[in-house]
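**Q** Structure below; questions to follow.
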Amino acid sequence: MWEFLQKLKQLQPESKNIVLTGLTGEAFGEKALVSNGKLVWASVAGGFLEQHDQQIEQVEVNGIALVDGEKIFGEVVDGQKKIVICGGGHVSMPIIQLGRQIGCYVTVLEDRPKFADNARRAGADKVICDTFEAGLEQISGDSDTFFVIVTRGHVYDRICLESIVRKPHAYIGMMGSRRRVAQVKHSVLENGADPQVISQLHSPIGLDIKAETPEEIAISVMAEIIQVKNQDKRGAGYSNEIRDAIVKCEDQKKILATIVERKGSAPRSVGTKMLIMEDGRCVDTIGGGCIEASIVSKALLILRGCAKAPQIVHVDMTGADAEEEGMVCGGKVKVLLEEV
224 MWEFLQKLKQ
234 LQPESKNIVL
244 TGLTGEAFGE
254 KALVSNGKLV
264 WASVAGGFLE
274 QHDQQIEQVE
284 VNGIALVDGE
294 KIFGEVVDGQ
304 KKIVICGGGH
314 VSMPIIQLGR
324 QIGCYVTVLE
334 DRPKFADNAR
344 RAGADKVICD
354 TFEAGLEQIS
364 GDSDTFFVIV
374 TRGHVYDRIC
384 LESIVRKPHA
394 YIGMMGSRRR
404 VAQVKHSVLE
414 NGADPQVISQ
424 LHSPIGLDIK
434 AETPEEIAIS
444 VMAEIIQVKN
454 QDKRGAGYSN
464 EIRDAIVKCE
474 DQKKILATIV
484 ERKGSAPRSV
494 GTKMLIMEDG
504 RCVDTIGGGC
514 IEASIVSKAL
524 LILRGCAKAP
534 QIVHVDMTGA
544 DAEEEGMVCG
554 GKVKVLLEEV
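Residue numbers 224 to 563, in my numbering, belong to the letters of the sequence shown in order.
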């Protein structure tokens, strides 16, 4: 697993990177990495996945595909989500906190030292205290970057928007009245911005929940970001917390649990992962409650030598038995357990 994580880290984030895991037959337990339609690594030299490289290079789905009769689980690698907040005023503070809570790397651009300090105290991962022009020169942007423009005036909005629309991004949102936003958009278009990019600007920013306070506005903004983030249906990926735990706790046995199939109203999506440590601690979650307790119990049996890995565990959250156990979400999931 350590070698796999190292290879995963070396992949270019802007490439289409796919992790493949064998679920049945000869392929069971094997892993491979495909980048831009090319096999770049396989866990077993000469194994099933490497032997069927031309077929697995065609797998582009989040979910299960058949390759020569064997089930292969594919997941598009999800990069680190980043939120770049232009402005360090009252609304920015709860956006910083909520962004951190959903696992995003949060950068704040602010030209006023006092407000930059507020952003640091609120927990921003990085604060750039400089002009907005200079700050944005340090931000390259990519398909996992969400830009939030909440400055103190339309002059600064225009400066930020003119720079941001020329960068790769997942989302651009700008706060302001309709009149102020229209003025900024008109000015940016006159300076050569792509009309298609401007047409996709989220402004007024956030979902319409009639928000009034800074905290309510932050919730509406983060709800919109989550909505956009989840539209592409990419895999849940290997979070930084899971990667760090695997590397830092090298001397401790661990089980990686991944949801590989989901039916009905199960709480978490395909690709969601959880790491179970030998001492019973867990990193991340695959849904909580009884589903998680069941998986942890089976993982600990493997870690104690009472069962073998890899194995696929079926959890049924429907029917009377499930209701008695408190599995109120319903649905069914299949969870792959791999020893790390």
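Note that the Cβ used here is the ideal one computed from N, Cα and C, for glycine as well. Bear in mind that the values here come from a model prediction, so they are computed numbers and not experimental data.
Taking 8 Å as the threshold (beta carbon to beta carbon), is residue 391 in contact with chain B?
**A** Checking the listed chains, one finds no chain B in this structure; it contains a single protein chain.
**Q** Any idea what DSSP makes of residue 445, helix, strand or coil?
**A** helix
**Q** Do you know offhand how far residue 313's Cα is from residue 437's?
**A** 6 Å
**Q** In chain order, which continuous runs of the alpha helix (DSSP H) of length 4 or greater are located wholly inside the region 496 to 522?
**A** none
**Q** In angstroms, rounded to a whole number, what distance separates the CA positions of residue 432 and residue 524?
**A** 47 Å
**Q** Confirm, please, whether the CB-CB distance from residue 434 to residue 440 is below 8 Å.
**A** yes
**Q** Compute the distance between the beta-carbons of residue 501 and residue 475, then report whether it is under 8 Å.
**A** yes
**Q** Where does residue 191 fall in DSSP's three states?
**A** The requested residue 191 is not part of the displayed model; the chain covers only 224 to 563.
**Q** How far does the beta strand (DSSP E) with residue 535 in it extend, from its first residue to its last?
**A** 534 to 539
**Q** With H, G and I counted as helix, E and B as strand and the rest as coil, what does DSSP make of residue 341?
**A** helix
**Q** Can you list, in chain order, the residues of its chain whose CB lies under 7 Å from that of residue 504, leaving out five sequence neighbours each side?
**A** none
**Q** Closer than 6 Å by C-beta to residue 362: which residues in its own chain qualify, once you throw out the five before and the five after it? Chain order, please.
**A** Cβ within range, chain order: 307.
**Q** Could you tell me the boundaries of the beta strand (DSSP E) in which residue 600 lies?
**A** No answer is possible for residue 600: it lies beyond the span of the chain, which begins at 224 and ends at 563.
**Q** Considering residue 352, what are the terminal residues of the beta strand (DSSP E) in which it resides?
**A** That run of the beta strand (DSSP E) goes 349 to 352.
**Q** Determine the closest residue to residue 482 out of 430, 415, 230, 496, with distance taken between C-alpha atoms.
**A** 496
**Q** Which residue wins for smallest C-alpha separation from residue 377, given the options 449, 258, 397?
**A** Out of 449, 258, 397, 397 has the C-alpha closest to the C-alpha of residue 377.
**Q** Tell me residue 368's beta-bridge partners as DSSP assigns them.
**A** 305
**Q** Taking the continuous beta strand (DSSP E) assigned at residue 294, which residues delimit it?
**A** 293 to 299
**Q** Find the nearest neighbour of residue 346 within the set 520, 390, 328, 287, judged by alpha-carbon distance.
**A** Comparing Cα positions, the closest option is 328.
**Q** Sorted by chain position, which residues of the same chain lie with C-beta nearer than 8 Å to residue 230's C-beta, five sequence neighbours on each side aside?
**A** 256, 263, 264
**Q** Output the distance between the C-alpha atoms of residue 344 and residue 408, rounded to the nearest integer angstrom.
**A** 33 Å
**Q** Quick check on the DSSP output: the beta strand (DSSP E) that includes residue 242 runs from which residue to which?
**A** 240 to 245
**Q** Using 8 Å for Cβ pairs, my map puts residue 384 next to residue 355. What's the rounded Cβ distance?
**A** Not confirmed; about 10 Å, so no contact.
**Q** Please state whether the Cβ-Cβ distance between residue 518 and residue 493 is less than 8 Å.
**A** no
**Q** So, at 7 Å on beta carbons, what are the nonlocal neighbours of residue 288 in its own chain, with the 5 sequence-adjacent residues on each side left out?
**A** 282, 295, 297
**Q** Tell me the DSSP secondary structure of residue 435 in three-state form.
**A** coil
**Q** Quick check: the Cα distance between residue 544 and residue 538, rounded to an integer number of angstroms?
**A** Residue placement at residue 544 cannot be trusted, given a pLDDT of 46 that sits under 50; what the coordinates show is reported in the next sentence. Their Cα atoms are separated by approximately 12 Å.
**Q** Quickly, what does DSSP pair residue 425 with across the bridge? List them, please.
**A** Answer is 396, bridged to residue 425.
**Q** Which of helix, strand or coil does DSSP assign to residue 555?
**A** Secondary structure of residue 555 (DSSP, three-state): strand.
**Q** Drop a sphere of 10 angstroms on the beta-carbon of residue 399, count the other beta-carbons inside from all chains shown, and report buried for 16 or more, exposed for fewer.
**A** buried
**Q** Is it the case that the Cβ atoms of residue 540 and residue 480 are separated by a distance below 8 Å?
**A** no
**Q** By alpha-carbon positions, which one of 324, 326, 352 ends up nearest to residue 336?
**A** 352
**Q** Please go through the same chain and pick out, in chain order, the residues whose beta-carbon is closer than 6 Å to the beta-carbon of residue 239, but skip the five residues on each side of it.
**A** 259
**Q** What's the C-alpha gap between residue 424 and residue 444?
**A** 13 Å
**Q** How far does the alpha helix (DSSP H) with residue 471 in it extend, from its first residue to its last?
**A** 463 to 471
**Q** Give the C-beta separation of residue 245 and residue 228 to the nearest angstrom, bearing in mind that I take them to be a contact with Cβ-Cβ under 8 Å.
**A** No, residue 245 and residue 228 are not in contact; Cβ-Cβ is about 18 Å, not under 8 Å.
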